[in-house]
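Below: the structure, in structure tokens.
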Amino acid sequence: MRVLGGPLDLADRLEKSKAMDRSIQRLAKAVRDRIRPGLLRDVLHGVPLGKPLHPPMTMVSLGCWTSAGILDLTTIDRRAARLLLAVGIGNALPTAAAGLTDWSSLHREQQRVGFVHMLANVTALGLFTASLATRMAGRERVGRVLTWTGLGVGSLGAYLGGHMAYRQAAGANHAPQVAHLVPLGWHDLCRLSDLPDGRPVARRLGYIQLFVLRRGEAVTVLADRCPHLAGPLHQGRLVSENGEICVVCPWHGSTFRLEDGSVKHGPATAPAPAFEARVRKDGIIQVRPGLI
Numbered sequence: 004m005r006v007l008g009g010p011l012d013l014a015d016r017l018e019k020s021k022a023m024d025r026s027i028q029r030l031a032k033a034v035r036d037r038i039r040p041g042l043l044r045d046v047l048h049g050v051p052l053g054k055p056l057h058p059p060m061t062m063v064s065l066g067c068w069t070s071a072g073i074l075d076l077t078t079i080d081r082r083a084a085r086l087l088l089a090v091g092i093g094n095a096l097p098t099a100a101a102g103l104t105d106w107s108s109l110h111r112e113q114q115r116v117g118f119v120h121m122l123a124n125v126t127a128l129g130l131f132t133a134s135l136a137t138r139m140a141g142r143e144r145v146g147r148v149l150t151w152t153g154l155g156v157g158s159l160g161a162y163l164g165g166h167m168a169y170r171q172a173a174g175a176n177h178a179p180q181v182a183h184l185v186p187l188g189w190h191d192l193c194r195l196s197d198l199p200d201g202r203p204v205a206r207r208l209g210y211i212q213l214f215v216l217r218r219g220e221a222v223t224v225l226a227d228r229c230p231h232l233a234g235p236l237h238q239g240r241l242v243s244e245n246g247e248i249c250v251v252c253p254w255h256g257s258t259f260r261l262e263d264g265s266v267k268h269g270p271a272t273a274p275a276p277a278f279e280a281r282v283r284k285d286g287i288i289q290v291r292p293g294l295i
């Protein structure tokens with residue numbers, strides 16, 4: 004006799020969880036291999052906008068499909084409902100591409116929820132596509148049922164998307180403005196002679212940890228937490244792109260310009276907060292939050 008919640012049941016659940024994680028890892032790797040770092044990937048992440056691209060795009064499709072459902076309740080214009088369904092379906096393809104690109108660079112717990120979110124949305128898309136096809140074939144009643152079924156499944160997908168964004172902080176800025184954490188004015192950080200030349204290190208200033216890089220007598224200071232998922236920037240590598248010195252986050256490859264902390268490449272879309280730095284005559288480095 005098997006007891007639910009016993010060791011065997013727990014072992015089965017762990018094995019299923021590992022199998023799901025393996026599938027997720029393979030799919031995420033396939034997406035990263037397919038959409039390589041570059042302009043397309045940055046656009047899909049939303050780097051040019053400074054905000055993730057996927058969430059606002061989902062509102063277009065969901066708004067179209069919801070509007071089609073409302074029109075079905077009134078039976079005012081069948082052609083308008085079909086047009087709204089078609090626009091939502093067409094917009095769903097680039098929306099899915101943006102979502103998959105973001106999802107491929109999340110951590111495991113976020114990817115698990117995102118995987119179910121994706122399955123729900125793919126199911127909803129299939130229902131809306133079937134609804135449009137049946138309407139075009141003259142079966143309006145079936146089309147309306149499929150639309151409302153799709154809205155139900157799509158609402159589940161939207162709920163899971165909200166859970167990822169607001170509970171799991173997927174897509175949120177993990178390195179927010181830090182001026183309110185640091186009192187006004189200049190603050191002593193450390194001695195210039197204590198820093199290695201050409202290698203970033205971490206230093207604390209009150210409540211926050213800073214990325215500090217010395218290059219000769221010049222010092223660059225950024226917030227150390229990567230805006231994408233709070234990776235330690237001081238453990239990243241330094242690169243030069245088009246004459247700009249940048250730091251690459253060691254976790255997911257977000258790239259930031261050292262000059263001002265702005266994003267060079269995603270998945271991050273928010274800049275790394277930058278600090279002004281100066282060296283006193285006695286060799287003490289002083290910093291204060293910069294303007295972003």
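Numbering (the working numbering), first residue to last: 4 to 295.
Glycine residues also receive a C-beta, built at the ideal position from the N, C-alpha and C atoms.
Distance CB(residue i)-CB(residue j) smaller than 8 Å
i, j, result
"residue 222", "residue 239", "no"
"residue 231", "residue 257", "yes"
"residue 91", "residue 134", "no"
"residue 207", "residue 215", "no"
"residue 153", "residue 118", "no"
"residue 47", "residue 56", "yes"
"residue 204", "residue 237", "yes"
"residue 273", "residue 178", "yes"
"residue 104", "residue 38", "yes"
"residue 218", "residue 107", "no"
Start and end residues, beta strand (DSSP E) containing residue i
i, result
"residue 243", "240-244"
"residue 191", "190-194"
"residue 277", "277-282"
"residue 290", "287-292"
Buried or exposed (CB count within 10 angstroms, at least 16 for buried), residue i
i, result
"residue 124", "buried"
"residue 20", "exposed"
"residue 96", "exposed"
"residue 267", "buried"
"residue 227", "buried"
"residue 288", "buried"
"residue 129", "exposed"
Where the alpha helix (DSSP H) containing residue i begins and where it ends
i, result
"residue 114", "111-139"
"residue 46", "42-48"
"residue 38", "No alpha helix (DSSP H) contains residue 38, which DSSP labels as neither H nor E."
"residue 75", "57-77"
"residue 105", "81-106"
Cβ shell of residue i (< 6 Å), same chain only, five flanking positions each side left out
i, result
"residue 109", "173"
"residue 27", "114 and 118"
8 Å Cβ cutoff, residue i in contact with chain B
i, result
"residue 172", "The structure shown contains no chain B, having only a single protein chain."
Proximal residues to residue i (C-beta, below 8 Å), its chain only, five neighbours per side dropped
i, result
"residue 4", "Note that residue 4 has pLDDT 46, beneath the 50 cutoff, so the model's placement of it is unreliable and no number is given."
"residue 244", "258 and 267"
* Asked: Enumerated in chain order, which unbroken segments of the beta strand (DSSP E) with a length of 3 residues or greater are wholly contained in the region 196-274?
  -> 204-208, 211-218, 221-226, 240-244, 247-251, 258-260 and 266-268
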